[in-house]
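Each residue of the sequence shown is one higher than the one before, counting from 66 in my numbering.
Glycine residues also receive a C-beta, built at the ideal position from the N, C-alpha and C atoms.
Just so you know, these numbers come straight off a predicted model, no measurement behind them.
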Amino acid sequence: MVSVIIPTYNNGSIINRAIYSALKQVEVPLEIIIVDDGSTDDTEKIVRSSPSSSVRYFFQKNAGPAAARNLGITMAKGEFIAFLDADDEWRPGYLKKVIDQFKKDEKIGLIFTWAILRDNRGNEVIRNYYSPSRNKWHTIFWPNPLQCTSSTVCRKSFLDKVGGFDESLRTREDQDLWIRLKEVSKLVEIPEPLVIVYKRDRSYSTRQSLKQMRSDYFNIIEKAFKRAPDLYAGKEKIIMAEAYRYWGQYYLYMVQIKDARRDLYNSLKYKTSFYTLFCLILSLMPEKILIKIGNYYKKLIKL
């Protein structure tokens, strides 16, 4: 059986979309666990009105999505745990394809698929594509190593082994878990867009929020190196080089030049890269030009 865990906070107006998309996975026996993270709207009423006996509702005081998912894992009865955010949805056949893949190898601890990003009007914004380079070990440390939490299914025995989500992290708690799972099991990608993710009305562009995300990001890398030094031996430089390069690129994109130069320079200290050097040179251009480049890039990817 598959236990579907849907954390929610004030998503009463849209949660049925997620629930119904899970109920449409008719080929796979499942239970749907709704963990209400302190909602103040009509979420409970809407969830309890579901005609399906597969839907179970739990309420907790507001503690964040990591705590909500951990509660769901504790309550789950299934062999597999499928995560689905309250504002996302699965395409028909998603779970069957994932579970069929799990059955091929008991050492698989996590499977993820492609995802499609849509705006609030339902228009497709971005479609994630398969990249063979993601098979390399160090890519689990990329800022977006998998597609999203809603496109991820885990074997519960491995989740229990690594201890679930780290509730002390304010961001990146999902990536931290994926890294720990990869340390003890196999990760498999299904190169099909089987999940629809809706663009959130929130921004991580402020200096303070970026600082928190960056801090959590390097924190999980440091914890991984300490947790399994033999496993990461010889991989540290490329992991750190790509980590700093990502943040340098992102700060450059946000036209936070001082921070961009710092991280691009740090990346070059770990690994020489012409692309990183190009970005560092680009950071020396006038701010007005960098803003124009950033605006052009936003139009290019329709964000």
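{"Item": "Cβ pair Ser215, Asp165 closer than 7 Å", "Value": "no"}
{"Item": "Alpha-carbon to alpha-carbon, Val100 and Arg134", "Value": "7 Å"}
{"Item": "Within 7 Å, strictly: CB atoms of Tyr309 and Asp328", "Value": "yes"}
{"Item": "Whole-angstrom C-beta distance between Ser250 and Gly174, which should lie under 8 Å", "Value": "3 Å"}
{"Item": "Sequence-distant residues of its chain with Cβ nearer than 8 Å to Arg121 (five each side left out)", "Value": "Glu96, Ile97, Ile98, Ile99, Met140"}
{"Item": "Nearest neighbour of Pro258, chosen from Tyr318, Ala289, Thr217 [CA to CA]", "Value": "Thr217"}
{"Item": "Cβ shell of Thr301 (< 6 Å), same chain only, five flanking positions each side left out", "Value": "First, the amino acid is wrong: residue 301 is Glu here, not Thr. None."}
{"Item": "Cβ of Gly103 within 7 Å of any chain C Cβ", "Value": "Of the protein chains in this structure there is only one, and it is not chain C."}
{"Item": "Coarse secondary structure for Thr178, derived from DSSP in three states", "Value": "strand"}
{"Item": "Exposed unless 16 or more other CB atoms sit within 10 angstroms - verdict on Ala298", "Value": "exposed"}
{"Item": "Tyr330 versus Ser348: straight-line alpha-carbon distance, rounded", "Value": "11 Å"}
{"Item": "Span separating the alpha-carbon of Glu109 from that of Arg326", "Value": "48 Å"}
{"Item": "Bridge partners - Leu95, DSSP secondary structure assignment", "Value": "Val67"}
{"Item": "Touch test, the region 142-159 against the region 226-236, Cβ-Cβ under 8 Å, three pairs minimum", "Value": "no"}
{"Item": "Candidates Phe123, Ile71, Ile205, Lys161: closest to Ile286 by CA position", "Value": "Ile205"}
{"Item": "Nonlocal neighbours in the same chain, by C-beta distance under 7 Å from Lys89, ignoring five residues either side", "Value": "Pro157"}
{"Item": "Cut-off 8 Å between Cβ atoms - residues of its own chain near Lys288, not counting five sequence neighbours on either side", "Value": "Asp241"}
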